[in-house]
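Everything in the sequence shown is counted per the working numbering, starting at 189 for the first residue and increasing by one.
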Amino acid sequence: MKLPHHLTIKNSHLHINGQDCVALAEKYGTPLYVTSEDRICEQFRRYKTALSSRYPKVQVLYAAKANGNLSILRALAKLGAGADVFSSGELHCALDAGMAPEKLLFNGSSKSPADLRLAVEKGIKVSVDSLDELHHLDAAAKAAAKVVTIAFRVNPALEVPTHPKIATGLATSKFGIPYKEIPAAYSEALTSENVKPVGLHCHIGSQILDTEPFARAAEVMMRIAKELTEMGVALEFIDLGGGLGIPYHHDTDPAPTPEDYAAKVVPVFKAGIEACGITPELWVEPGRSLVADSTVLLTRVNSTKSAHKRFVNVDAGFNLLIRPAMYDAYHEVIVANKADAPLSTEYTVTGPICESGDILAPDRKLPQIAAGDLIAVLDAGAYGFAMSSQYNSRPRCPEVLIHGKQVALMRRGETIGDITAAMERPPWQR
Ligand code: LLP
189 MKLPHHLTIK NSHLHINGQD CVALAEKYGT PLYVTSEDRI CEQFRRYKTA
239 LSSRYPKVQV LYAAKANGNL SILRALAKLG AGADVFSSGE LHCALDAGMA
289 PEKLLFNGSS KSPADLRLAV EKGIKVSVDS LDELHHLDAA AKAAAKVVTI
339 AFRVNPALEV PTHPKIATGL ATSKFGIPYK EIPAAYSEAL TSENVKPVGL
389 HCHIGSQILD TEPFARAAEV MMRIAKELTE MGVALEFIDL GGGLGIPYHH
439 DTDPAPTPED YAAKVVPVFK AGIEACGITP ELWVEPGRSL VADSTVLLTR
489 VNSTKSAHKR FVNVDAGFNL LIRPAMYDAY HEVIVANKAD APLSTEYTVT
539 GPICESGDIL APDRKLPQIA AGDLIAVLDA GAYGFAMSSQ YNSRPRCPEV
589 LIHGKQVALM RRGETIGDIT AAMERPPWQR
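If you want it as structure tokens, here you go:
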């Protein structure tokens with residue numbers, strides 16, 4: 189199997205960033221998320237360089253929803269990243285991690301009054317998702333005697349090649365304002381004293397392995413930008429949304445790079461702004477492609493069983509990685525302590541959750557497996573821990589970060605006490 193360069197096989201063991209996965213699992217226990225900070229930084233730099241070598245005014249905002257650990261946000265903040273934040277929680281974390289407020293965009297299709305007040309108070313730009321939200325934001329800014337700068341989230345009505353649950357710019361999607369209604373939305377915002385429309389934002393979907401749809405979205409955005417400029421909107425930034433998909437099937441998926449993305453999209457952007465006679469910043473918001481392949485989820489085999497199929501029962505399930513159950517997503521698996529053994533037997537890797545759908549990897553050719561073996565689920569860094577739960581009252585596992593030759597926890601494992609800590613005893617049960 190093709191592996192990215194931070195994953196290697198030495199002495200039959202899988203290594204990440206030079207660290208032996210078998211030793212990490214022994215030291216920290218399983219299940220365990222292990223992340224290469226170096227890989228994340230490398231991917232961020234690739235985006236930044238690919239875009240800014242073609243156009244100087246570029247901001248790369250990390251989509252914090254993909255993996256919100258503060259250590260990851262901190263590493264990216266140090267490289268100058270901003271963030272797409274989708275909740276007050278993500279906003280607090282991004283600021284805590286040292287990201288500059290002016291490099292944050294508060295996104296979301298259902299922001300609460302408290303979310304809007306927080307954005308106003310912290311001076312964060314807001315991507316406004318509806319006219320109703322515009323009115324609420326205007327009122328919140330007025331009450332605080334502040335002016336809030338905004339973009340509108342455009343629904344470009346584009347079909348894209350990805351799982352329907354993660355296509356976000358379909359005409360029928362819940363996100364954004366239909367592109368035909370966008371000029372009217374800006375007209376309205378221009379009349380407001382407390383809201384200043386300076387940006388334009390879209391997102392078409394996630395896990396897209398072709399650069400073409402991004403170029404199509406950019407074309408829609410540039411047509412709108414022209415219309416807005418003619419209306420007198422002074423656009424300071426155009427945010428083209430999330431980044432590329434990643435090759436979850438290592439040997440067969442296409443693997444477009446940030447270079448490919450920039451080569452396809454930046455010319456459309458540049459032609460568009462030239463036609464408008466403006467030089468706004470170009471913003472992008474990659475999540476998955478910055479963090480997905482940085483991380484493996486290590487999980488121990490509890491037992492094997494030959495029934496209708498050969499099952500391998502491991503200690504991580506959809507409580508820790510829900511993508512296979514939720515989107516039928518494919519993740520490569522490697523037996524980390526037998527990483528170069530022949531792939532002799534077909535197994536279905538199943539988690540410990542009380543649901544038939546708790547399958548991490550169906551029908552995979554793997555080496556002969558026994559209880560105690562260690563399985564690495566690859567490409568688990570995006571929407572992995574971030575979407576985890578305590579279902580079946582299972583404490584979430586620890587996360588370890590590797591930086592050069594240094595290894596440390598970036599999150600301790602939860603305990604049963606953490607699960608019950610927020611539970612209250614109603615008075616009649618005292
Ligand atoms: N910006 C906005 C406004 C978004 O909604 C998203 C993702 C991103 C940026 C980042 O997109 P990316 O570069 O990661 O493709 N849980 C799903 C993915 C949901 C993505 C939602 N929005 C999964 O595990 O595949």
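All residues carry an ideal CB built from backbone N, CA and C; glycine is no exception. Keep in mind the model is a prediction, meaning the values are calculated, not measured.
Quick one: measure Cβ to Cβ for residue i and residue j, integer angstroms, because I've assumed they're closer than 8 Å.
{"i": "Tyr216", "j": "Pro583", "result": "Not a contact, Cβ separation roughly 14 Å."}
{"i": "Ala254", "j": "Ala574", "result": "6 Å"}
{"i": "Leu220", "j": "Val588", "result": "6 Å"}
{"i": "Val308", "j": "Ala332", "result": "5 Å"}
{"i": "Ser275", "j": "Phe363", "result": "No, Ser275 and Phe363 are not in contact; Cβ-Cβ is about 15 Å, not under 8 Å."}
{"i": "Asp439", "j": "Met189", "result": "6 Å"}
{"i": "Arg599", "j": "Asn205", "result": "With a Cβ gap of about 18 Å, Arg599 and Asn205 do not count as contacting."}
{"i": "Thr536", "j": "Asp546", "result": "Thr536 to Asp546, Cβ: 11 Å. No contact."}
{"i": "His224", "j": "Ser482", "result": "It should be pointed out that residue 224 corresponds to Ser in this sequence rather than to His. Between Ser482 and Ser224 the Cβ distance is about 5 Å, and since that is below 8 Å, they are a contact."}
{"i": "Lys313", "j": "Leu293", "result": "5 Å"}
{"i": "Pro555", "j": "Ala517", "result": "About 23 Å; that fails the 8 Å criterion."}
{"i": "Leu423", "j": "Phe402", "result": "So it is not a contact: roughly 19 Å between Cβ atoms."}
{"i": "Val222", "j": "Ile590", "result": "7 Å"}
{"i": "Arg242", "j": "Val454", "result": "4 Å"}
{"i": "Asp226", "j": "His194", "result": "7 Å"}
{"i": "Tyr449", "j": "Thr399", "result": "5 Å"}
{"i": "Val595", "j": "Gln231", "result": "Not confirmed; about 20 Å, so no contact."}
Per DSSP, residue i forms a beta bridge with which residues?
{"i": "Ser249", "result": "In the sequence under discussion, the amino acid at residue 249 is Leu, which differs from the Ser named in the question. Answer by DSSP bridge pairing, in chain order: Gly270."}
{"i": "Ile522", "result": "Ala564"}
{"i": "Ser491", "result": "Asn501"}
{"i": "Phe294", "result": "Val273, Val314"}
{"i": "Cys390", "result": "Val342"}
{"i": "Ile365", "result": "Val342"}
{"i": "Leu397", "result": "Its beta-bridge partners do not exist; DSSP assigns none."}
{"i": "Trp471", "result": "Gln247, Asp427"}
{"i": "Val336", "result": "Val383"}
{"i": "Val348", "result": "Looking at the DSSP assignment, Val348 forms no beta bridge with any residue, so it has no partner."}
{"i": "Leu322", "result": "Leu322 pairs with nothing; no bridge assigned."}
{"i": "Leu485", "result": "Tyr221, Val565"}
{"i": "Ala355", "result": "Gly393"}
>> Could you tell me which whole alpha helix (DSSP H) segments of length 4 or greater appear in the stretch 196 to 231?
In response: 209 to 216
> Is there contact here, the stretch 496 to 505 with the stretch 461 to 480, by at least three beta-carbon pairs under 8 Å?
Replying inline: no
> With contact counted as at least three CB pairs below 8 Å, one residue from each stretch, are the stretch 425 to 436 and the stretch 484 to 497 in contact?
Replying inline: Because the criterion of three Cβ pairs below 8 Å is not met, the stretch 425 to 436 and the stretch 484 to 497 do not touch.
>> Can you confirm whether the stretch 503 to 521 touches the stretch 470 to 477 when touching is taken to mean that 3 or more C-beta pairs between the two stretches lie within less than 8 Å?
In response: They do not touch, by the three-pair rule.
> Can you list, in chain order, the stretches of the beta strand (DSSP E) that have 3 or more residues and sit fully within the stretch 525 to 613?
Replying inline: 533 to 538, 547 to 554, 562 to 565, 587 to 591, 594 to 599
>> Any contact between the stretch 477 to 484 and the stretch 557 to 570? By contact I mean 3 or more CB pairs, one from each, below 8 Å.
In response: yes
> Is there contact between the stretch 368 to 379 and the stretch 401 to 409, where contact requires at least three CB pairs shorter than 8 Å?
Replying inline: no
>> Taking contact to mean 3 or more Cβ pairs, one atom from each stretch, closer than 8 Å, check whether the stretch 444 to 456 and the stretch 516 to 536 are in contact.
In response: Contact fails: fewer than three Cβ-Cβ distances are below 8 Å.
> Is there contact here, the stretch 382 to 396 with the stretch 324 to 333, by at least three beta-carbon pairs under 8 Å?
Replying inline: yes
> Would the stretch 258 to 271 and the stretch 281 to 301 be scored as touching if the rule is three or more Cβ pairs under 8 Å?
Replying inline: yes
>> Between the stretch 261 to 281 and the stretch 233 to 252, can you find at least three pairs of beta-carbon atoms closer than 8 Å?
In response: In short, these stretches touch, since the Cβ pair count reaches three.
>> Between the stretch 541 to 558 and the stretch 411 to 420, can you find at least three pairs of beta-carbon atoms closer than 8 Å?
In response: Contact between the stretch 411 to 420 and the stretch 541 to 558 is absent, with fewer than three C-beta pairs closer than 8 Å.
>> I'd like to know if the stretch 389 to 398 and the stretch 351 to 366 are in contact, where contact means that at least 3 CB-CB pairs between them fall below 8 Å.
In response: yes
> What are the complete alpha helix (DSSP H) segments, minimum 4 residues, inside the stretch 406 to 470?
Replying inline: With a minimum length of 4 residues, the continuous alpha helix (DSSP H) runs that stay inside the stretch 406 to 470 are 446 to 464.
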